[in-house]
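Below: one structure, written as structure tokens.
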Ligand SMILES: [Fe+2]
Ligand SMILES: [Fe+2]
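Numbering (the working numbering), first residue to last: 78 to 389.
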């Protein structure tokens, strides 16, 4: 449990010159765990502070603010979302976070941003609005979730941009893995429905479903946002069988950095020696967010290795 005095101290660490990006990511995680209003206020201040130049760090702050689901973050998230000079990846996380917070007051902003010139921002805001509509249909409640869904929600403790299909409510919940894979890959279907298929496959959590998502990551031509989410989901699934696909995604220098970044983090989550060897090759990548992601991923993999040594 993080004490309130620790929260202030953690915040000051973000501005120490000696603190590397990997350590900053740990600080952000600790502030999230603190979960207090004060932690949210400090994270918002960090997101607004021009001293923080790392897109990786700033997008992580926005992501964490969404996961914390505290409405106090709304104004800051709107401010960063609508700023066309802000980095696309940060703007994306802000839009998604507004959906995660269920910020109905931001409805008009999200709607306006569905006409943004940047496709990843447009698509994120459309998804956030779809999520808000879905939440409204559910009356803003999560309590309708069936036992199975709730259990799965515990396995993947994230607030997702779209819900998985729900047993006893959505017929797609009983579709075969293959049928869901087809829906996932169908570029003529809305991103929201494709995401719902993706999170359903994630929650089935087998090598087979992970490989279906890997396949979509490599085959999709419609949306960098979709591909980055596929890589993110593979990071949650942590399955060594997906390493080859993740490596291919990371190796594509013409790919959007948001996809390569998520692929690097997912490779870190796989965490095997082979995975670390892949990451080491990209620690000097021309793209800053890719090389920072590789360094952070190697740091996390090293922590897991120490833990495994302690608890063999
Ligand atoms: Fe994202
Ligand atoms: Fe990310």
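Heads up, the beta-carbon is just placed ideally off N, CA and C, and yes, glycines get one too.
The structure presented is a predicted model; accordingly, all values stated were derived computationally and were not measured.
Query	Result
Which term fits residue 223, buried or exposed, when burial requires 16 or more other beta carbons within 10 angstroms of its beta carbon?	Note on residue 223: pLDDT 45, under 50, position unreliable in the model; the coordinate value appears next. Exposed, because fewer than 16 other Cβ atoms sit within 10 Å of the Cβ of residue 223.
With a threshold of 16 other CB atoms inside 10 Å of the CB of residue 363, please say whether the residue is buried or exposed.	exposed
What is the DSSP secondary structure of residue 233, counted as helix, strand or coil?	coil
Taking the runs of the alpha helix (DSSP H) that are 4 residues or longer, which of them lie wholly in the stretch 87-128?	98-111 and 114-125
Let's see if you can read the secondary structure: which residues bound the alpha helix (DSSP H) around residue 325?	320-328
Can you give, in chain order, each stretch of the alpha helix (DSSP H) that sits fully within the stretch 140-168 and has at least 4 residues?	151-159
Relative to the alpha-carbon of residue 292, which residue among 350, 258 and 283 has its alpha-carbon at the smallest distance?	258
How would you write the range of the alpha helix (DSSP H) that residue 339 sits in, first residue to last?	334-347
Does DSSP put residue 242 in a helix, in a strand, or in coil?	coil
What first and last residue would you give for the alpha helix (DSSP H) that runs through residue 273?	268-281
Mind checking residue 383: buried by the 16 CB within 10 Å criterion, or exposed?	exposed
Beta-carbon within less than 8 Å of residue 348's beta-carbon, same chain only, minus the 5 sequence neighbours each way: which residues are those?	315, 377, 378, 381 and 382
Can you tell me which of 160, 85 and 159 puts its alpha carbon nearest to the alpha carbon of residue 123?	85
Leaving aside the five residues before and after residue 117 along the sequence, list all residues of the same chain whose C-beta is less than 8 Å from its C-beta, in chain order.	142, 145, 147, 149 and 150
Per the contact definition of three or more C-beta pairs closer than 8 Å, is the stretch 324-338 in contact with the stretch 229-248?	no
Using a Cβ distance threshold of 8 Å, determine whether the stretch 163-182 contacts the stretch 200-212, with at least three qualifying pairs required.	yes
Starting from residue 290, trace the alpha helix (DSSP H) both ways and give me its first and last residue.	284-296
Alpha carbon to alpha carbon, how far is residue 153 from residue 127?	14 Å
By how many angstroms is the C-alpha of residue 295 removed from the C-alpha of residue 308?	10 Å
Would you mind stating whether residue 104 and residue 91 have Cβ atoms separated by less than 7 Å?	yes
How many Å lie between residue 208 and residue 239 at the Cα?	6 Å
Taking only three categories from DSSP, how would you classify residue 359?	coil
Please return the same chain residues whose Cβ sits closer than 6 Å to the Cβ of residue 225, not counting the five positions on each side in sequence.	Because residue 225 carries a pLDDT of 45, less than 50, the predicted location of this residue cannot be relied on, and no value is offered for it.
Give the range of the alpha helix (DSSP H) segment to which residue 300 is assigned.	No alpha helix (DSSP H) holds residue 300; DSSP gives it neither H nor E.
Excluding the 5 residues flanking residue 287 on each side, which residues of the same chain have their C-beta closer than 7 Å to its C-beta?	311, 314, 316, 318 and 319
Do you know how far the Cα of residue 271 is from the Cα of residue 251?	16 Å
Do residue 158 and residue 176 have their C-beta atoms closer together than 7 Å?	no
So, residue 301 versus residue 330, is the Cβ gap smaller than 7 Å?	no
What does a CB cutoff of less than 6 Å around residue 212 pick up in its chain, not counting 5 residues either side in sequence?	179
Kindly indicate the opening and closing residues of the alpha helix (DSSP H) around residue 252.	Here residue 252 belongs to no alpha helix (DSSP H), and DSSP marks it neither H nor E.
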